[in-house]
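Enquirer:
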Amino acid sequence: LGIMYTKMANYQLSIESLKKAVSISIANSKDNFELLLSAYKNLTLIYQEVDDIDRAVEYRKEAVSLVEAMCGNEPLEFVDVYKDLALAYYSSGKYRDSLNYYKKAVKCLIELRGKDSAELIALDSKSLNELYNSMGIVYTNLKDYDKALEYLCKVKENKLHHQDRITYCNSMALVYNIKAVSYTHLT
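For the sequence shown, position 147 (counting from the first letter as 1) is numbered 147 according to our numbering, and the numbering increases by one without interruption.
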């Protein structure tokens with residue numbers, strides 16, 4: 001119901017509906033882990049949509065706590081919640097916090113590299129590219145262009161899918177352009 005209200009742009013009813021789902025799910029959290037995680041994610045998206053970034057971060061933190069409590073040390077479960085929390089921090093301009101959670105997501109994916117599944121290897125490569133690209137953008141916002149280029153070059157070192165090549169080239173061009181403009185203003 002909350003998602004339907006969101007599609008209708010009735011965010012207040014959507015939030016109320018999703019909060020009810022959260023409170024019902026919390027009572028039976030072991031049985032409703034996926035539902036609760038989904039409700040937290042949807043609440044975060046709605047709060048980001050209405051520019052209430054602090055609440056979005058709050059619900060992302062709830063999702064991280066839930067995954068930590070329910071999943072133990074399974075790194076695959078942490079990748080998305082860390083990535084989403086990093087994005088929420090990025091949206092609020094808290095770039096250092098954003099980097100912290102992007103790094104945690106990268107660490108989880110690197111832990112998965114030892115697994116044999118071809119599906120995991122493909123996910124691993126694409127997800128790492130996305131994370132490294134995002135970290136490059138965060139470093140660009142911090143005006144640490146050398147570090148930004150370092151992480152963008154890591155994208156190039158991984159297997160590049162067609163879309164990754166486009167993203168990589170655009171990001172590299174952006175950083176070099178900003179870096180050149182910055183140096184021009186210094187002289």
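Glycine included, every Cβ here is placed at the ideal spot set by N, Cα and C.
For M135, which residues in the same chain have their Cβ closer than 7 angstroms to its Cβ, ignoring the five residues on either side in sequence?
Expert: For M135, where only same-chain residues beyond five positions count, the Cβ hits under 7 angstroms are L99, Y102 and Y151.
Enquirer: Give me the Cα-Cα distance between K83 and A105, rounded to the nearest whole angstrom.
Expert: 6 angstroms
Enquirer: Could you have a look at L37 and say whether DSSP puts it in helix, strand or coil?
Expert: helix
Enquirer: Taking C-beta to C-beta, are A63 and L37 nearer than 8 angstroms?
Expert: Yes, the Cβ-Cβ distance between A63 and L37 is below 8 angstroms.
Enquirer: Could you tell me the alpha carbon to alpha carbon distance between N32 and N141, rounded to whole angstroms?
Expert: 38 angstroms
Enquirer: Please classify I110 as buried or exposed, where buried requires at least 16 neighbouring CB atoms within 10 angstroms.
Expert: exposed
Enquirer: Can you tell me whether S17 is buried or exposed, with buried defined as 16 or more other CB within 10 angstroms of its CB?
Expert: buried
Enquirer: How many angstroms separate the CA atom of A86 from the CA atom of V155?
Expert: Taking the straight line joining both Cα atoms gives about 18 angstroms.
Enquirer: Helix, strand or coil: how does DSSP classify G136 here?
Expert: DSSP, reduced to helix, strand and coil, places G136 within a helical segment of the structure shown.
Enquirer: Leaving out five residues on either side along the sequence, give the residues of the same chain with a beta carbon under 6 angstroms from the beta carbon of T44.
Expert: A56, Y59 and R60
Enquirer: Would you tell me roughly how many angstroms separate the C-alpha atoms of V79 and N133, rounded to the nearest one?
Expert: 15 angstroms
Enquirer: Which whole runs of the alpha helix (DSSP H) in the segment 39 to 81 are 4 residues long or more, in chain order?
Expert: Fully enclosed alpha helix (DSSP H) runs of 4 or longer: 53 to 71.
Enquirer: Quick one: give me the first and last residue of the alpha helix (DSSP H) that K103 is part of.
Expert: Y95 to L112
Enquirer: CB-CB under 7 angstroms to S189, same chain, minus the five flanking residues each way: which ones, in chain order?
Expert: Nothing in the structure corresponds to residue 189, since the chain is present only between 1 and 187.
Enquirer: Tell me whether A69 is buried or exposed, calling it buried when 16 or more other Cβ atoms sit within 10 Å of its Cβ.
Expert: It is exposed - the Cβ of A69 has fewer than 16 other Cβ atoms within 10 Å.
Enquirer: Apart from the five residues just before and just after D97, which ones in its own chain have a Cβ nearer than 7 angstroms to its Cβ?
Expert: Y89
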